[in-house]
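Chemist:
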Amino acid sequence: MKFGLNRKQLKDIALVFMVLDNAYFRFSAVIGSVAHLITRFVAPLFAWLMVDGFFHTASKKRYCMRLWIFAVLMQIGNSLSFVIWKEGGINDNIFLTLALGFTSIWLFDMAKDDAGKKKILFNILAIFITFISLAISIIPLPIGSGIILEGGLQLIPLILIAYFFHNSKLKQSVFIGLYSILMFFFYGGFELCSQGIDMFCVNSDWMTFMVIPFIFLYNNEEGKKGSKWFFYIFYPVHLWIIAILGNIL
Numbered sequence: 053m054k055f056g057l058n059r060k061q062l063k064d065i066a067l068v069f070m071v072l073d074n075a076y077f078r079f080s081a082v083i084g085s086v087a088h089l090i091t092r093f094v095a096p097l098f099a100w101l102m103v104d105g106f107f108h109t110a111s112k113k114r115y116c117m118r119l120w121i122f123a124v125l126m127q128i129g130n131s132l133s134f135v136i137w138k139e140g141g142i143n144d145n146i147f148l149t150l151a152l153g154f155t156s157i158w159l160f161d162m163a164k165d166d167a168g169k170k171k172i173l174f175n176i177l178a179i180f181i182t183f184i185s186l187a188i189s190i191i192p193l194p195i196g197s198g199i200i201l202e203g204g205l206q207l208i209p210l211i212l213i214a215y216f217f218h219n220s221k222l223k224q225s226v227f228i229g230l231y232s233i234l235m236f237f238f239y240g241g242f243e244l245c246s247q248g249i250d251m252f253c254v255n256s257d258w259m260t261f262m263v264i265p266f267i268f269l270y271n272n273e274e275g276k277k278g279s280k281w282f283f284y285i286f287y288p289v290h291l292w293i294i295a296i297l298g299n300i301l
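Just so you know, the sequence shown maps onto residues 53 to 301 in this note's numbering.
Printed below as a string of C-alpha cells:
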C-alpha cells in the first residue's frame with residue numbers, strides 16, 4: 053500500500069464535508085460560516101477525481117451517459133422542489149457541471165486522435181461547450197426555476213487544467229493556484245478581507261486551491277471497491293433530506 057489516500061478514501065472525505073456545506077446553507081443560524089470556507093475543496097476534488105477517472109474508465113461513453121442521465125433527473129427533481137417549496141427549492145446540480153466538463157475534455161481527447169476536418173470540429177465543439185458552461189455559470193438559463201451551473205466558474209477551468217496537465221500534479225497545482233488568484237480578484241480582491249470573517253467565509257468560493265493538498269495525497273490507488281452508483285444516489289437524496297428538514301423546521 054502506497055503512502056497517501058486512495059480514490060475511495062478521498063471520496064469518503066469529500067462526501068462528509070459536502071453534507072456539512074449543504075447543511076450550512078439551510079441551517080446557517082446553527083452552523084457557522086466557517087463550515088463553508090473549510091469545504092471549498094469538495095467540489096474541486098470531485099471534479100479532479102472525475103478527470104482522473106476519465107483516463108482509467110473502461111468506457112468513456114457509459115461514464116458520460118451516467119453523468120448526463122443523472123444531471124437531467126436531478127434537474128427535474130430540482131424543478132419539482134420549487135413547485136413544492138417555492139423559494140425553498142433545491143438549486144444544486146453538480147452532475148450537470150461534471151457532465152459538461154466531461155463532454156468538453158472528451159471532445160478535446162477525440163480531437164487528438166483525428167485529423168483534418170474532424171479534428172477541427174471536435175476542438176470547436178469542445179471550446180463552444182466550455183464557453184457555454186462558463187456563461188450559464190453567471191447567467192441562468194430561463195428554464196423552469198432557472199438553471200445555473202453549480203460551481204461552473206471554479207470547476208470547468210479546473211477540469212480543463214486537470215485534463216491537459218494530467219501527467220503532472222505540480223503543473224496542475226500551479227495553474228489551479230494561479231486561477232484561484234484570478235478568481236480572488238473576480239470576487240472582490242482585497243475588499244473581501246475588509247468585510248469581516250463571516251462574509252469572508254461566505255464569499256470563499258474562489259478558494260479552489262484548497263484541493264491541492266488532496267491532489268498530492270492521492271496515491272493513484274482505487275481503494276476498497278464500492279458501488280459506482282453510490283454517489284449518484286447519495287447526492288440527490290442527501291440534498292432532499294436537508295431541504296425537507298430546512299423547510300419544516
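Just so it is clear, CB atoms sit at the ideal spot from N, CA and C, and this is done for glycine as well.
Identify whether Y12 lies in helix, strand or coil by the three-state DSSP scheme.
Modeler: As displayed, the chain neither begins before 53 nor continues past 301, which places residue 12 out of reach and without an answer.
Chemist: Classify I200 as helix, strand or coil using the three-state DSSP reduction.
Modeler: coil
Chemist: How should Q247 be labelled, buried or exposed, when 16 other C-beta atoms within 10 angstroms of its C-beta is the threshold for buried?
Modeler: It is exposed - the Cβ of Q247 has fewer than 16 other Cβ atoms within 10 Å.
Chemist: Just curious, the alpha helix (DSSP H) that Y239 is in, first and last residue?
Modeler: Careful: Y239 lies outside any alpha helix (DSSP H) and carries neither H nor E.
Chemist: Quick check for students: name the residue ranges of the alpha helix (DSSP H) that lie wholly in the segment 56-92, counting only runs of 4 or more.
Modeler: 59-78 and 86-90
Chemist: For L291, which of helix, strand or coil comes out of DSSP?
Modeler: helix
Chemist: Compare the Cα-Cα distances from F268 to each of G298, V226 and G278 and report the closest residue.
Modeler: V226
Chemist: In this structure, does DSSP put L152 in helix, strand or coil?
Modeler: L152: helix per DSSP, three-state reduction.
Chemist: Would Q206 pass as a contact of A214 if the rule is Cβ separation under 7 angstroms?
Modeler: At least 7 angstroms separates the beta-carbon of Q206 from that of A214.
Chemist: Counting only runs that start and end within the segment 107-182, where is the alpha helix (DSSP H) found for 4 or more residues in a row?
Modeler: 112-137 and 146-165
Chemist: Return the residue from the list N219, H218, I208 and L222 that minimises the CA-CA distance to M235.
Modeler: I208
Chemist: Since C253 is in the alpha helix (DSSP H), which residue starts that stretch and which ends it?
Modeler: I249 to V254
Chemist: Helix or strand or just coil, what does DSSP make of L186?
Modeler: helix
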